[in-house]
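I have placed the structure first, in the form of structure tokens, so that the comments after it can refer back to it.
Residue numbers (my numbering): 434 to 522.
So, in structure tokens, the structure goes:
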């Protein structure tokens with residue numbers, strides 16, 4: 434092999450990396466956004482549990498309830514309260 438074939442290989446690797454970078458960036462952005470929504474949902478549930486303890490209205494904090502509260506916001510929190518009200522005697 435001569436010195437020129439190294440440049441061809443380097444350019445080919447660079448093109449492949451540049452082709453995959455936007456795919457990784459979009460996937461990483463989606464993952465970060467979901468994580469932030471889960472954390473915000475858990476914080477919303479925590480605040481609700483602090484305030485709701487005055488009236489004995491508390492919700493468990495787990496991945497499912499945090500996802501519902503995080504992605505749907507206050508309507509999701511209301512839906513969780515209605516579901517708990519319907520299920521528990």
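Beta carbons are placed, not taken as given, at the ideal position from N, Cα and C, and that holds for glycine.
Straight across, the Cα-Cα distance linking residue 505 with residue 446 is about 43 Å.
The Cβ atoms of residue 481 and residue 442 do not sit closer than 8 Å to each other.
Taking residue 489 as reference, the option from 444, 450 and 514 with the minimal CA-CA separation is 514.
Classified as buried, residue 499 has 16 or more neighbouring CB atoms from the shown chains inside 10 Å of its CB. For residue 521, no alpha helix (DSSP H) segment is defined, and its DSSP state is neither H nor E.
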